[in-house]
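Since the structure comes first, as structure tokens, the remarks are kept for the end.
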Amino acid sequence: MNPYVLAILLFSLGLGTTLTFASSHWLLAWMGLEINTLAIIPLMAYQHHPRAIEATTKYFLTQATAAAMILFASTTNAWMSGQWEITHLSNPIACTIAVTALALKIGLAPTHFWLPEVLQGITLTTGLILSTWQKLAPFALILQVADNAHPYLLTVLAISSTLVGGWGGLNQTQLRKILAYSSVAHLGWMILVAQMAPQMTLLALITYIVMTTAAFLTLDKMGSTKTITLASAWTKAPALSALACLVLLSLGGLPPLTGFMPKWLILQEMSNQGFPLTATVVALTALLSLYFYLRLTYAMTLTLSPYTINSSTPWRAPAKHPTLLLSTTIVMATCLLPLTPSVLALIA
Numbered sequence: 001m002n003p004y005v006l007a008i009l010l011f012s013l014g015l016g017t018t019l020t021f022a023s024s025h026w027l028l029a030w031m032g033l034e035i036n037t038l039a040i041i042p043l044m045a046y047q048h049h050p051r052a053i054e055a056t057t058k059y060f061l062t063q064a065t066a067a068a069m070i071l072f073a074s075t076t077n078a079w080m081s082g083q084w085e086i087t088h089l090s091n092p093i094a095c096t097i098a099v100t101a102l103a104l105k106i107g108l109a110p111t112h113f114w115l116p117e118v119l120q121g122i123t124l125t126t127g128l129i130l131s132t133w134q135k136l137a138p139f140a141l142i143l144q145v146a147d148n149a150h151p152y153l154l155t156v157l158a159i160s161s162t163l164v165g166g167w168g169g170l171n172q173t174q175l176r177k178i179l180a181y182s183s184v185a186h187l188g189w190m191i192l193v194a195q196m197a198p199q200m201t202l203l204a205l206i207t208y209i210v211m212t213t214a215a216f217l218t219l220d221k222m223g224s225t226k227t228i229t230l231a232s233a234w235t236k237a238p239a240l241s242a243l244a245c246l247v248l249l250s251l252g253g254l255p256p257l258t259g260f261m262p263k264w265l266i267l268q269e270m271s272n273q274g275f276p277l278t279a280t281v282v283a284l285t286a287l288l289s290l291y292f293y294l295r296l297t298y299a300m301t302l303t304l305s306p307y308t309i310n311s312s313t314p315w316r317a318p319a320k321h322p323t324l325l326l327s328t329t330i331v332m333a334t335c336l337l338p339l340t341p342s343v344l345a346l347i348a
């Protein structure tokens with residue numbers, strides 16, 4: 001892609017998210033979401049492959065539907081209450097429609113069906129942008145709207161997302177689909193406490209972005225898109241394969257890795273607020289997600305591919321990709337759990 005065109009598209013991505021962050025008016029926020037959607041579509045369709053075009057079309061249709069629902073909800077609220085401010089979404093019907101539309105935007109269950117198919121059809125780099133940056137603007141709106149939303153609606157979205165994210169990934173062999181279902185499960189954890197502890201949601205979102213960035217960059221570096229290719233990854237990059245296992249286990253929320261921190265704090269908050277049953281259910285659904293991460297780790301470390309010799313390949317050409325971001329995110333995805341007391345002091 002022409003570097004000038006790429007720069008314009010990336011600038012538009014940043015502009016759309018910043019516009020949504022800075023707006024208090026529904027129309028401005030809607031414009032930011034639309035700029036975001038239109039900026040990433042050329043990046044998704046750049047391959048000119050039928051699968052990429054299909055994924056781009058699915059993404060555009062779902063995002064356009066969600067944007068239309070947001071516009072309808074905000075117009076209805078303005079008609080009923082005379083308020084265009086995002087935080088004054090007082091009409092219950094308009095609020096339910098807006099939350100559902102934002103859930104469709106980010107891929108919360110049961111409106112998640114587009115996400116695995118879209119991620120499977122695009123490159124790992126574009127999938128990284130879709131799984132991280134594209135979640136920021138809708139989440140900013142969800143955190144502002146959550147106070148007016150019905151708590152049962154948020155709880156149902158959260159529990160169904162953690163369940164679907166765990167079950168959906170169990171039978172997958174495509175790594176991008178597994179990461180898509182992982183995304184659905186993590187989003188469920190974030191939504192669970194969006195009303196009672198938005199700072200926990202923000203913490204979970206930040207750690208999710210760090211861990212997902214590390215996972216996508218690691219797979220991109222190893223050139224793996226299927227489970228079967230993980231078995232031969234150690235011959236290409238032995239150290240990176242070992243670190244990839246830690247990143248995947250961190251995504252699963254296994255202590256003593258970074259991914260355990262948001263799950264631990266969210267479960268503690270749910271118990272303190274008097275919802276032990278909900279906390280128990282989501283903790284059990286986390287085991288489903290942990291199972292398919294362990295399956296990937298097993299495929300990477302304890303199985304041998306029938307197509308490789310049992311030694312590393314010293315004649316490989318040196319990698320030309322920059323690795324600063326990769327190394328930084330891997331360290332952050334695995335080593336930040338000891339900072340939990342400091343994080344608690346910051347968000348208290």
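For reference, each letter of the sequence shown is one residue, going 1 to 348 in the UniProt record's numbering. Where is the CB? At the ideal position from N, CA and C, for every residue including glycine. Nothing here was measured: the structure is a model prediction, and the numbers come from that model.
Residues near residue 296 by beta carbon distance below 6 Å, same chain, minus five either side: Taking the first residue of the sequence shown as 1, we reach residue 296 at position 296. Only 248 meet the Cβ criterion.
Roughly how many angstroms lie between the CA atoms of residue 257 and residue 212, to the nearest whole one? Taking the sequence shown and counting its residues from 1, one reaches residue 257 at position 257. Taking the sequence shown and counting its residues from 1, one reaches residue 212 at position 212. Residue 257 and residue 212: Cα-Cα distance of roughly 14 Å.
What is the DSSP secondary structure of residue 174, counted as helix, strand or coil? Along the sequence shown, one-based indexing puts residue 174 at 174. In the structure shown, residue 174 sits in a strand (DSSP, three-state: E or B).
If you check the beta carbons only, do residue 114 and residue 75 fall under 8 Å apart? For the purposes of this step, residue 114 is identified with residue 114 of the sequence shown, where counting begins at 1. For the purposes of this step, residue 75 is identified with residue 75 of the sequence shown, where counting begins at 1. With contacts defined by Cβ atoms closer than 8 Å, residue 114 and residue 75 do not form a contacting pair.
Pull up the CB-CB distance for residue 90 and residue 148, whole angstroms please, since I reckon it's below 8 Å. For this step, residue 90 is matched to residue 90 along the sequence shown. For this step, residue 148 is matched to residue 148 along the sequence shown. Going by Cβ atoms, the distance from residue 90 to residue 148 rounds to 6 Å, so yes, they are a contact pair.
Taking the alpha-carbon of residue 301 as reference, which of 238, 215, 78 and 104 has the nearest alpha-carbon? Residue mapping note: residue 301 aligns to position 301 of the sequence shown, counting from 1. With distances taken between Cα atoms, residue 301 lies closest to 238.
One or two residues paired with residue 25 in a DSSP bridge: Within the sequence shown, numbered from 1, the residue matching residue 25 stands at position 25. Beta-bridge pairing links residue 25 to 85.
Can you give the Cα-Cα distance for residue 40 and residue 84, rounded to whole angstroms? Here residue 40 refers to the residue found at position 40 of the sequence shown. Here residue 84 refers to the residue found at position 84 of the sequence shown. For the pair residue 40 and residue 84, the Cα-to-Cα distance works out to about 28 Å.
What is the residue span of the alpha helix (DSSP H) that residue 1 lies within? Against the sequence shown, residue 1 aligns to sequence position 1. Premise fails: residue 1 is in no alpha helix (DSSP H) and is neither H nor E.
Using 8 Å as the threshold, is the C-beta distance between residue 102 and residue 141 below it? Looking up residue 102 in the sequence shown gives position 102. Looking up residue 141 in the sequence shown gives position 141. Their beta carbons are under 8 Å apart, which means residue 102 touches residue 141 by this criterion.
Buried or exposed: residue 44, going by 16 or more other Cβ atoms within 10 Å of its Cβ? Position 44 of the sequence shown, counted from the start, is the residue given in the question as residue 44. Buried, by the Cβ-count rule.
Supposed close pair residue 127, residue 136 - CB separation, criterion 8 Å: For this step, residue 127 is matched to residue 127 along the sequence shown. For this step, residue 136 is matched to residue 136 along the sequence shown. That pair is no contact at about 16 Å.
Residue 24, buried or exposed, once every other Cβ within 10 Å from all chains shown has been counted against 16: Taking the sequence shown and counting its residues from 1, the one referred to as residue 24 is at position 24. Exposed, because fewer than 16 other Cβ atoms sit within 10 Å of the Cβ of residue 24.
As a quick exercise: from 303, 346, 27 and 267, pick the residue whose alpha carbon is nearest that of residue 286. Taking the first residue of the sequence shown as 1, we reach residue 286 at position 286. Checked all of 303, 346, 27 and 267; the closest Cα to residue 286 is 267.
Status (buried if at least 16 other CB within 10 Å, exposed otherwise) for residue 51: Indexing the sequence shown from 1 puts residue 51 at position 51. Exposed.
Quickly, what does DSSP pair residue 263 with across the bridge? List them, please. On the sequence shown, residue 263 is found 263 positions in, with the first residue counted as 1. Per DSSP, residue 263 has no beta-bridge partner at all.
Give the list of continuous alpha helix (DSSP H) stretches no shorter than 4 residues that lie fully inside the region 8 to 58. Counting whole runs of 4 or more residues, the region 8 to 58 contains the alpha helix (DSSP H) stretches 26 to 45.
Keeping to the same chain, check which residues put their C-beta closer than 7 Å to that of residue 166; ignore five residues upstream and five downstream. Numbered from its first residue, the sequence shown carries residue 166 at position 166. These residues qualify, in order along the chain: 185, 285, 288 and 289.
Minimum C-alpha distance to residue 283 - residue among 66, 189, 154 and 10: Locating residue 283 in the sequence shown gives position 283, where the first residue counts as 1. Minimum Cα distance to residue 283 is reached at 189.
Could you round the C-beta distance between residue 219 and residue 175 to whole angstroms and report it? I think they count as a contact, below 8 Å. What you label residue 219 is simply residue 219 of the sequence shown in a count that begins at 1. What you label residue 175 is simply residue 175 of the sequence shown in a count that begins at 1. Contact flag correct, Cβ pair sits at about 6 Å.
Within its chain, find whatever has a CB closer than 6 Å to the CB of residue 146; leave out the 5 residues flanking it on each side and keep chain order. Here the question's residue 146 lines up with position 146 in the sequence shown. Excluding sequence neighbours, residue 146 sits near 194 and 195.
Neighbourhood of residue 54 by C-beta distance below 7 Å, restricted to the same chain and skipping five residues each side: One-based indexing of the sequence shown puts residue 54 at position 54. Counting only Cβ-Cβ distances below 7 Å, and skipping sequence neighbours, we find 121.
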